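To start, the structure itself, in structure tokens.
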Amino acid sequence: MKERLTNNLGLKFIAVFFTIVLWLVVMNVEDPIDTRTFKGISVGIRNDDIITSKGKTYSVVGEQSVEVTVKAKKSILSDLKEHPEKITAYADMQNLESRALIPVEVSISGYEDEYEEAYTNPRNLEVEIENYLSKRFPIVAETRGTVRDGYVLGPVTPNPAYITIQGGVSAINQINKVVAKADVSGMSNDGEVPAELILYDAGGGVIDQFQFETNLGEKGVSVDVELLDTKNVKLDVLYNDAIAEGYVVEEALIEPAEVQIAGRPDVLKEIDKITIPAEALENTEISSRTEVGIDVTPYLPENTKLVDESQKNIAVTISVSEGGSRRIHISVSSIIPRELEEGLKVSFDSEQIELAFTGSEENLKKLDASKINVYIDMKDYNTPGKYQVVPVVEGYGDCQYKGEKINITVEKKK
Numbered sequence: 108m109k110e111r112l113t114n115n116l117g118l119k120f121i122a123v124f125f126t127i128v129l130w131l132v133v134m135n136v137e138d139p140i141d142t143r144t145f146k147g148i149s150v151g152i153r154n155d156d157i158i159t160s161k162g163k164t165y166s167v168v169g170e171q172s173v174e175v176t177v178k179a180k181k182s183i184l185s186d187l188k189e190h191p192e193k194i195t196a197y198a199d200m201q202n203l204e205s206r207a208l209i210p211v212e213v214s215i216s217g218y219e220d221e222y223e224e225a226y227t228n229p230r231n232l233e234v235e236i237e238n239y240l241s242k243r244f245p246i247v248a249e250t251r252g253t254v255r256d257g258y259v260l261g262p263v264t265p266n267p268a269y270i271t272i273q274g275g276v277s278a279i280n281q282i283n284k285v286v287a288k289a290d291v292s293g294m295s296n297d298g299e300v301p302a303e304l305i306l307y308d309a310g311g312g313v314i315d316q317f318q319f320e321t322n323l324g325e326k327g328v329s330v331d332v333e334l335l336d337t338k339n340v341k342l343d344v345l346y347n348d349a350i351a352e353g354y355v356v357e358e359a360l361i362e363p364a365e366v367q368i369a370g371r372p373d374v375l376k377e378i379d380k381i382t383i384p385a386e387a388l389e390n391t392e393i394s395s396r397t398e399v400g401i402d403v404t405p406y407l408p409e410n411t412k413l414v415d416e417s418q419k420n421i422a423v424t425i426s427v428s429e430g431g432s433r434r435i436h437i438s439v440s441s442i443i444p445r446e447l448e449e450g451l452k453v454s455f456d457s458e459q460i461e462l463a464f465t466g467s468e469e470n471l472k473k474l475d476a477s478k479i480n481v482y483i484d485m486k487d488y489n490t491p492g493k494y495q496v497v498p499v500v501e502g503y504g505d506c507q508y509k510g511e512k513i514n515i516t517v518e519k520k521k
């Protein structure tokens with residue numbers, strides 16, 4: 108029996124050897140060794156506290172990503188293709204003192220001892236060491252998009268108003284402007300809108316923020332947005348005060364006759380027209396047909412603005428002719444004081460006032476004293492005292508009213 112086991116022992120060893128070789132060949136055919144390159148693998152930095160603990164910082168020169176080439180079994184490469192996050196590229200910054208190249212190393216999670224080699228292209232990461240700087244910048248609020256129809260974008264305010272940015276001296280000094288940009292598309296109410304923080308250099312280029320730290324925290328930056336209502340308002344040019352003596356206005360055209368303004372609802376509610384003084388015509392002795400361009404912006408009511416800035420220039424055309432004049436006497440008892448505070452009364456120097464009108468002879472003849480209404484706007488005269496005011500007159504047809512001041516006295520009621 109023993110002789111049978113020991114007979115042809117060499118042949119048996121050879122058979123086992125070839126069996127193993129055959130098995131290896133078969134396995135290699137089924138799962139051969141191959142090479143594959145994976146692009147866009149981010150390079151992590153290790154031991155950077157060696158730099159930051161010395162009050163310095165670093166910046167990567169060029170891209171902080173590499174290509175990683177892996178030589179391994181085909182099955183491993185297939186898995187890495189599906190899960191590239193298993194590939195880790197890193198640079199160790201130990202013993203770094205100045206600008207240098209740091210070798211980039213590779214590790215593959217789950218296959219530590221199963222791949223033949225892995226290397227990067229480029230093989231090194233270039234970094235630059237410099238002093239650390241902290242600087243405070245104002246934030247500028249900007250918007251993108253369009254608010255809902257019927258509303259106009261009002262004041263926008265960044266929150267917070269300032270930001271502290273830390274980083275390398277050279278990188279910090281590149282920052283020229285810090286913007287919080289908010290999307291206001293479709294907004295119809297005031298509100299706080301999350302914003303994107305954007306850093307610009309002097310040339311208007313966007314600066315990558317990965318190299319900086321800020322004091323914004325998790326809340327980030329936002330923009331407080333105020334929306335304004337809109338209103339169409341008529342334009343009124345006081346051209347009568349610019350007409351030469353002895354002339355009357357035949358026709359006065361204002362183009363456009365109204366403009367659209369924006370403001371808070373409580374402000375717009377009090378506005379029914381925009382009055383442009385005669386001084387804007389730049390001629391106080393008009394005696395012939397005159398055309399004048401006027402910028403209405405200086406005459407807009409406080410806390411309002413034009414919806415369309417292209418509407419700021421209007422054209423006023425005034426045609427005049429020689430005419431006559433007429434004076435009508437009105438009893439002061441028919442004058443209505445409007446917006447007079449309770450507890451006050453108004454008195455006049457005489458029983459009647461005289462109203463002066465100019466116009467063509469035909470239109471002057473049509474003047475009917477019984478149809479003329481006179482009132483005084485008292486909203487600016489609500490403290491006792493003596494004042495000179497110009498009465499407001501209605502119902503004088505196609506004539507021109509030459510507003511003349513009268514004397515009034517405001518007193519407390521007894």
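Residue numbers (this note's numbering): 108 to 521.
Backbone N, C-alpha and C define an ideal beta-carbon position, used for all residues, glycine too.
Because the structure is a prediction, the values reported are computed rather than measured.
Outcome for residue i when other beta-carbon atoms lying within 10 angstroms are tallied against a minimum of 16
i, result
"Lys159", "First, the residue type needs correcting, since residue 159 is Thr and not Lys in the sequence shown. Flag for Thr159 reads exposed."
"Lys180", "buried"
"Thr250", "buried"
"Val133", "Residue placement at Val133 is poorly supported in this model, since its pLDDT is 49, which falls under 50; the coordinates still yield a value, given next. Val133 is exposed by the Cβ-count criterion."
"Ala369", "buried"
"Ile215", "buried"
"Ile513", "buried"
"Gly252", "exposed"
"Val211", "buried"
"Pro265", "buried"
"Gly525", "An answer regarding residue 525 cannot be provided, because it is not within the stretch 108 to 521 covered by the chain."
Neighbourhood of residue i by C-beta, 7 Å cutoff - its chain only, sequence neighbours within 5 removed
i, result
"Asn470", "Gly504, Asp505 and Cys506"
"Gln281", "Asp308 and Ile314"
"Ile279", "Leu240, Lys242 and Ile272"
"Asn296", "Leu334"
"Glu235", "Tyr165, Ser166, Val168 and Arg206"
"Pro262", "Glu333"
Distance between residue j and residue i (C-alpha atoms, nearest Å)
i, j, result
"Asp484", "Glu511", "14 Å"
"Ser182", "Leu232", "30 Å"
"Pro498", "Ala248", "47 Å"
"Asp415", "Thr337", "11 Å"
"Lys452", "Val340", "33 Å"
"Ala207", "Val167", "10 Å"
"Ser457", "Val496", "14 Å"
"Ala198", "Asp156", "13 Å"
"Gly466", "Pro408", "31 Å"
"Tyr488", "Tyr482", "14 Å"
"Pro372", "Lys493", "35 Å"
"Lys472", "Glu352", "19 Å"
"Ala385", "Ser426", "15 Å"
Three-way DSSP call (helix, strand, coil) for residue i in this model
i, result
"Ala351", "coil"
"Asp290", "strand"
"Ala359", "strand"
"Val133", "Confidence in Val133 is poor, its pLDDT being 49 and thus under 50, which makes the residue's placement unreliable; the coordinate value appears in the next sentence. Val133: helix per DSSP, three-state reduction."
"Leu375", "helix"
"Thr490", "coil"
"Leu187", "helix"
"Glu365", "strand"
"Leu208", "strand"
"Ala309", "coil"
"Thr253", "coil"
"Glu325", "coil"
"Ser295", "coil"
"Ile314", "coil"
"Asn283", "coil"
6 Å Cβ shell around residue i - same chain, five flanking residues per side excluded
i, result
"Glu461", "Arg434 and His436"
"Glu299", "Ser329 and Asp331"
"Asn480", "Glu501 and Gly502"
"Thr144", "Glu174 and Thr176"
"Glu398", "Thr424"
"Glu224", "Lys178"
"Leu375", "Asp336 and Lys338"
"Asp138", "Lys180, Lys181 and Ser182"
Proximity winner among the options, relative to residue i (alpha-carbon distances)
i, options, result
"Val422", "Leu360, Asp138, Leu323 and Thr142", "In the sequence under discussion, the amino acid at residue 422 is Ala, which differs from the Val named in the question. Of the candidates Leu360, Asp138, Leu323 and Thr142, the one whose C-alpha sits nearest the C-alpha of Ala422 is Leu360."
"Val259", "Ala268, Glu358 and Gly293", "Gly293"
"Glu448", "Pro408, Lys520 and Lys380", "Lys520"
"Asn228", "Thr264, Thr271, Glu174 and Asn238", "Glu174"
"Glu170", "Lys146, Glu192 and Ile157", "Lys146"
"Ile383", "Lys288, Glu365 and Ser166", "Glu365"
"Thr533", "Val427, Tyr508, Ile515 and Tyr269", "Here the chain has residues from 108 to 521 only, and residue 533 is not among them."
"Leu342", "Ser185, Val356 and Ile381", "Ile381"
"Tyr354", "Glu468, Thr516, Leu304 and Ala196", "Glu468"
"Gly536", "Glu357, Glu389 and Ile442", "In the structure as shown, the chain starts at 108 and stops at 521, and residue 536 therefore has no counterpart that could be examined."
Same chain, Cβ closer than 8 Å to residue i, five either side skipped, listed in chain order
i, result
"Asn420", "Gly400, Ile401, Asp402 and Val403"
"Val276", "Glu237, Asn238, Tyr239 and Leu240"
"Leu112", "Low confidence applies to Leu112: its pLDDT is 47, below 50, so where it sits in the model is not reliable enough to give any reading."
"Leu413", "Val366, Gln367, Ile368, Ala369, Val403, Thr404, Leu407 and Lys419"
"Pro444", "Val453, Tyr482, Ile483 and Met485"
Interface flag, residue i vs chain B, CB-CB below 8 Å
i, result
"Glu511", "Absent from the structure: chain B. Only one protein chain is present."
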